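K.L.:
Just dropping this structure here.
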Amino acid sequence: MPSRSPVRHHTSRGVVLLLAVAIAVVSMALPAPAAPTAAVVEVAPDSGPPGVKVKVTGTGFGVFETVTIRFDSETIATARTDATGAFSKRALVPGDATPGEHLIGATGQTSGDNDFVPFTVTGGGGGGGDWPQMGFDLRHSGFSPLENILTPANVSNMVVRFNGLTGDRINSSPAVVDGIAYVGSFDKKLSAFDVEACEGDLTCQPIWTGLTNDLIFSSPTVENGVVYVGSDDDRLYAFPTSCTANPCNPLWTGLTGGDIHSSAAVKNGMVYVGSNDGKLYAFEIATCLGVPDCQPLWTAQTLNHIRSSPTIVDGVIYVGSLDHKMYAFPENCSAPCDPLWTGETGGTIQGSVAVVGGVAYVGSTDGKLYAFPAQCRQESCAPLWTGAAGRDVRSSPAVAEGVVYAGSGDGNLYAFPATCSTPCQPLWVGSSGSGKPIKSSPAVANGVVYIGSGKGRLLAFPASCSNPCASLFTYQTGEAIRTSPAVSDGRVYVGSIDFKMWVFGLPI
2 MPSRSPVRHH
12 TSRGVVLLLA
22 VAIAVVSMAL
32 PAPAAPTAAV
42 VEVAPDSGPP
52 GVKVKVTGTG
62 FGVFETVTIR
72 FDSETIATAR
82 TDATGAFSKR
92 ALVPGDATPG
102 EHLIGATGQT
112 SGDNDFVPFT
122 VTGGGGGGGD
132 WPQMGFDLRH
142 SGFSPLENIL
152 TPANVSNMVV
162 RFNGLTGDRI
172 NSSPAVVDGI
182 AYVGSFDKKL
192 SAFDVEACEG
202 DLTCQPIWTG
212 LTNDLIFSSP
222 TVENGVVYVG
232 SDDDRLYAFP
242 TSCTANPCNP
252 LWTGLTGGDI
262 HSSAAVKNGM
272 VYVGSNDGKL
282 YAFEIATCLG
292 VPDCQPLWTA
302 QTLNHIRSSP
312 TIVDGVIYVG
322 SLDHKMYAFP
332 ENCSAPCDPL
342 WTGETGGTIQ
352 GSVAVVGGVA
362 YVGSTDGKLY
372 AFPAQCRQES
382 CAPLWTGAAG
392 RDVRSSPAVA
402 EGVVYAGSGD
412 GNLYAFPATC
422 STPCQPLWVG
432 SSGSGKPIKS
442 SPAVANGVVY
452 IGSGKGRLLA
462 FPASCSNPCA
472 SLFTYQTGEA
482 IRTSPAVSDG
492 RVYVGSIDFK
502 MWVFGLPI
């Protein structure tokens with residue numbers, strides 16, 4: 002019987018010992034397995050278009066703890082658990098969410114327990130979904146990812162589908178939700194038009210109006226069955242969308258210290274709006290319901306008029322002031338509310354801030370577009386870059402597919418790369434056909450950029466263009482267009498100072 006080799010036996014034992022040591026070392030280097038969490042989150046519905054409201058419920062969290070509800074990495078709501086560690090909260094899918102697969106979930110701020118479930122963002126149904134506020138969404142991106150009827154190939158075929166008549170000039174940008182178009186006017190009224198009923202009618206009357214006590218510059222914001230609009234009587238009005246009385250009575254009003262040209266932003270049970278007294282106002286809806294001249298939960302002070310509409314992203318409220326500064330305030334603030342940081346420009350800020358991709362874009366009357374880091378935490382923040390746009394920029398920028406669009410006082414539409422350096426050169430410039438200043442803000446949908454001109458023209462440019470860029474569509478209304486277009490279900494809505502809301506679309 003052959004004898005065993007002592008060398009082979011020794012080598013075998015050595016290998017075993019070395020493997021044991023290696024496993025022990027690796028085991029020490031690896032983190033201990035996380036204790037399984039009992040948290041369970043459910044979302045209903047589990048699919049829908051950008052801006053859809055969902056119900057998020059959770060169990061198995063810590064008792065009486067605050068949970069953060071997120072869409073992917075973006076915070077969309079917070080909730081408080083009960084004595085069993087459960088919660089239920091309604092939240093909005095971000096209006097600029099791209100179609101496809103995403104995650105919605107919740108994390109306990111104390112326990113760290115979390116759970117995320119799939120959510121599918123759809124591309125919308127009949128062709129475009131709602132346009133619920135000036136700038137489309139809380140980011141004020143000015144970009145709707147839902148439109149699929151109007152395209153660069155067919156937009157030149159648009160015709161006037163109907164006119165909605167008001168009693169005076171329109172400086173308010175339309176909002177369109179659930180087949181109703183809302184717009185304010187200098188006749189002191191908010192007007193609501195039934196889109197289908199108005200089809201083909203060049204003298205369409207509103208189905209109801211809500212009366213204020215002064216001119217309306219503010220653009221309506223529609224959220225959860227309520228239309229919010231400001232008036233020059235210093236008040237924010239909240240009208241029910243289901244109104245049948247004419248005139249419609251407000252659910253409540255919020256009192257500020259100056260004219261309101263700003264448009265409201267609504268999030269997590271709060272309404273934020275700027276005023277010409279230089280303050281940002283925060284009203285709590287539950288507290289204000291049924292209360293005339295409701296007092297704000299808190300205010301934040303700037304040094305001049307606020308005509309800019311608040312932009313809300315990742316717990317921060319961005320707003321511009323005529324004091325040449327853009328302010329970033331914490332969303333969950335208290336009086337007195339101090340800014341997280343400010344960004345200074347060389348002129349007044351008349352338009353709203355667009356926050357996309359971690360960058361805050363804003364125009365100024367010094368003729369420049371500014372790009373600031375959205376998460377800047379310096380007391381005074383320097384811009385990442387600036388771009389010259391001919392003359393004063395009163396227009397709010399729109400951001401889509403890596404391009405920033407802004408109208409200028411020189412009568413041109415400028416398109417800048419979203420990632421740039423100073424001095425940033427435009428990718429292309431589109432002329433409105435006159436030197437009249439553009440005060441309208443661009444709206445971008447399905448490869449087309451829409452904007453109004455001081456000459457009274459609605460123009461449509463291809464979003465991907467070369468220099469100089471020729472318009473695909475031009476239509477002359479009766480007077481100047483100072484409002485911003487809304488794009489919904491294959492129709493383009495815009496107000497004119499000729500007392501009319503103009504609605505365009507493809508021929509039926």
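So the sequence shown is numbered by this note's numbering: it starts at 2 and just counts up by one. Quick reminder that beta carbons are idealized off the backbone N, C-alpha and C, glycines included. This one's a predicted model, so the numbers in the text were calculated from it and none came from an experiment.
1. Report buried or exposed for V284, applying the criterion of at least 16 other Cβ atoms within 10 angstroms of its Cβ.
2. Using the Cα positions of K501 and I509, report the straight-line distance between them to the nearest angstrom.
3. Would you please state the rounded distance, in angstroms, between the beta carbons of V493 and I482? I believe it to be under 8 Å.
4. Quick one, which of H103, L147, S309 and I70 has its alpha-carbon nearest R395's?
5. Going by DSSP, name the residue or residues bridged to I181.
6. Buried or exposed for S422, please, with buried defined as at least 16 other CB atoms from any protein chain shown within 10 angstroms of its CB.
7. Per the DSSP calculation, V430 is bridged to which residue(s)?
8. Taking V363 as the reference, which of V55, G388 and G211 has the closest Cα?
9. Just the Cα atoms here: how many angstroms apart are V357 and S142?
10. Going by the DSSP bridge assignment, what does R170 pair with across the sheet?
11. Here's a check: name, in chain order, each residue in its chain whose Cβ is nearer than 8 Å to the Cβ of G316, leaving out the five neighbours to either side.
12. Do you know whose CA, among A84, S74, D83 and A98, lies nearest K54's CA?
13. Tell me F137's beta-bridge partners as DSSP assigns them.
14. How about the segment 168 to 181 and the segment 466 to 473: do they share at least three Cβ pairs that are nearer than 8 Å?
15. Determine the direct distance from the alpha carbon of P443 to that of I208, and round the result to whole angstroms.
16. Terminal residues of the continuous beta strand (DSSP E) containing T343?
17. Look at the alpha carbon of N269 and the alpha carbon of L290, and state the distance between them as a whole number of angstroms.
18. Can you grab the Cα-Cα spacing for the pair R91 / G52, in whole Å?
19. Taking 8 Å as the threshold, find out whether the segment 449 to 467 comes into contact with the segment 148 to 157 through three or more Cβ pairs.
20. Considering just the uninterrupted stretch of the alpha helix (DSSP H) at T288, what are its terminal residues?
21. Determine, using beta carbons only, whether T257 and Y282 come nearer to each other than 8 Å.
22. Tell me whether S112 sits in a helix, a strand or coil according to DSSP, three-state version.
23. Could you work out which residue in V64, S454 and P398 is closest to D411 when comparing CA atoms only?
24. Only counting the same chain, and skipping five residues up and downstream in sequence, which positions put a Cβ closer than 6 Å to that of T58?
25. Identify the residues that DSSP records as bridge partners of I217: which are they?
26. When the Cα atoms are used, what is the spatial distance from P100 to D131?
27. Do G61 and V41 have their CB atoms nearer than 8 Å?
28. R483 lies in the beta strand (DSSP E); which residues open and close that run?
29. Ignore the nearest five residues each way along the sequence and tell me which others in D567's own chain have a CB closer than 7 Å to its CB.
30. Could you spell out the range, first to last residue, of the beta strand (DSSP E) harbouring V394?
31. Apart from the five residues just before and just after C244, which ones in its own chain have a Cβ nearer than 6 Å to its Cβ?
32. Going by the CB atoms, is the gap between A301 and C338 shorter than 8 Å?
33. Rounded to the nearest angstrom, what separates T475 and S485 at their Cα positions?
34. If you draw a straight line from the C-alpha of F417 to the C-alpha of A401, how long is it?
35. Enumerate in chain order the residues of its own chain whose CB-to-CB distance from S145 is below 6 Å, with the five nearest sequence positions on each side excluded.
P.N.:
Taking the coordinates as given:
1. One-based indexing of the sequence shown puts residue 284 at position 283. Here the sequence assigns Phe to residue 284, which means Val is not the residue at that position. So F284 counts as buried.
2. Within the sequence shown, residue 501 is the residue found at index 500, counting from 1. Within the sequence shown, residue 509 is the residue found at index 508, counting from 1. Taking the straight line joining both Cα atoms gives about 21 Å.
3. Taking the first residue of the sequence shown as position 1, residue 493 is located at position 492. Taking the first residue of the sequence shown as position 1, residue 482 is located at position 481. Taking C-beta atoms under 8 Å as the contact rule, V493 and I482 fail to qualify, at a distance of about 12 Å.
4. Counted from its first residue, the sequence shown places residue 395 at position 394. The candidate whose alpha carbon is nearest that of R395 is S309.
5. By 1-based counting over the sequence shown, the position of residue 181 is 180. In DSSP, I181 forms a bridge with V178 and D195.
6. For the purposes of this step, residue 422 is taken as residue 421 along the sequence shown, with counting starting at 1. S422 sits exposed, since fewer than 16 C-beta atoms from the chains shown fall within 10 Å of its C-beta.
7. For this step, residue 430 is matched to residue 429 along the sequence shown. Beta-bridge pairing links V430 to Y415.
8. Within the sequence shown, the letter at position 362 stands for residue 363. When only C-alpha atoms are compared, the closest one is G388.
9. The residue labelled residue 357 in the question sits at position 356 within the sequence shown. The residue labelled residue 142 in the question sits at position 141 within the sequence shown. Distance from the CA of V357 to the CA of S142, rounded to the nearest whole angstrom, comes to 7 Å.
10. Locating residue 170 in the sequence shown gives position 169, where the first residue counts as 1. BP columns for R170 are empty, so no partner.
11. Translated into the one-based positions of the sequence shown, residue 316 becomes position 315. Here the set comprises T76, P331, E332 and N333.
12. Position 53 of the sequence shown holds residue 54. With distances taken between Cα atoms, K54 lies closest to A98.
13. If you number the sequence shown from 1, residue 137 lands on position 136. Per DSSP, F137 has no beta-bridge partner at all.
14. As far as the Cβ criterion goes, the segment 168 to 181 does not touch the segment 466 to 473, which means the pair count is below three.
15. Along the sequence shown, one-based indexing puts residue 208 at 207. Along the sequence shown, one-based indexing puts residue 443 at 442. Between the alpha carbons of I208 and P443 lies a distance of about 28 Å.
16. Looking up residue 343 in the sequence shown gives position 342. Where T343 is concerned, the enclosing beta strand (DSSP E) stretches over W342 to E345.
17. The residue labelled residue 269 in the question sits at position 268 within the sequence shown. The residue labelled residue 290 in the question sits at position 289 within the sequence shown. Those two C-alpha atoms are separated by around 15 Å.
18. Looking up residue 91 in the sequence shown gives position 90. Looking up residue 52 in the sequence shown gives position 51. So the two alpha carbons sit approximately 12 Å from each other.
19. At 8 Å Cβ cutoff, the stretches touch.
20. Along the sequence shown, one-based indexing puts residue 288 at 287. Counting along the chain, the alpha helix (DSSP H) containing T288 begins and ends at I286 to C289.
21. Along the sequence shown, one-based indexing puts residue 257 at 256. Along the sequence shown, one-based indexing puts residue 282 at 281. Yes, the pair counts as a contact, with Cβ atoms nearer than the cut-off.
22. Residue mapping note: residue 112 aligns to position 111 of the sequence shown, counting from 1. Note: S112 maps to coil in three-state DSSP.
23. Reading the sequence shown from its first residue, position 410 is the one you call residue 411. Out of V64, S454 and P398, S454 has the C-alpha closest to the C-alpha of D411.
24. Sequence index remark: in the sequence shown, residue 58 carries index 57 (1-based). The residues E43 and S89, in chain order, have a CB closer than 6 Å to that of T58 in the same chain once the five nearest residues on each side in sequence are set aside.
25. The sequence position of residue 217 within the sequence shown is 216, counting from 1. Partner(s): none; I217 has no beta bridge.
26. Here the question's residue 100 lines up with position 99 in the sequence shown. Here the question's residue 131 lines up with position 130 in the sequence shown. Going from the Cα of P100 to the Cα of D131 covers about 15 Å.
27. The count along the sequence shown starts at 1 and reaches residue 61 at position 60. The count along the sequence shown starts at 1 and reaches residue 41 at position 40. Contact check for G61 against V41 passes: the beta carbons are separated by less than 8 Å.
28. Stepping through the sequence shown from its first residue, residue 483 is reached at position 482. Taken as a continuous stretch (DSSP letters only), R483 belongs to no beta strand (DSSP E), as it is neither H nor E.
29. Residue 567 lies beyond the range of the chain shown here (2 to 509); nothing can be said about it.
30. Position 393 of the sequence shown, counted from the start, is the residue given in the question as residue 394. Element bounds for V394: n/a, residue is neither H nor E.
31. Within the sequence shown, numbered from 1, the residue matching residue 244 stands at position 243. The answer, listed in chain order, is W209.
32. The residue labelled residue 338 in the question sits at position 337 within the sequence shown. The residue labelled residue 301 in the question sits at position 300 within the sequence shown. In this structure, A301 lies closer than 8 Å to C338 by Cβ.
33. By 1-based counting over the sequence shown, the position of residue 475 is 474. By 1-based counting over the sequence shown, the position of residue 485 is 484. Between T475 and S485, the C-alpha separation is close to 15 Å.
34. Counted from its first residue, the sequence shown places residue 417 at position 416. Counted from its first residue, the sequence shown places residue 401 at position 400. C-alpha separation (whole angstroms): 11 Å.
35. Here residue 145 refers to the residue found at position 144 of the sequence shown. Exclusion of the five residues before and after S145 leaves F137, A446 and V488 as the residues of its chain whose Cβ lies within less than 6 Å of its Cβ.
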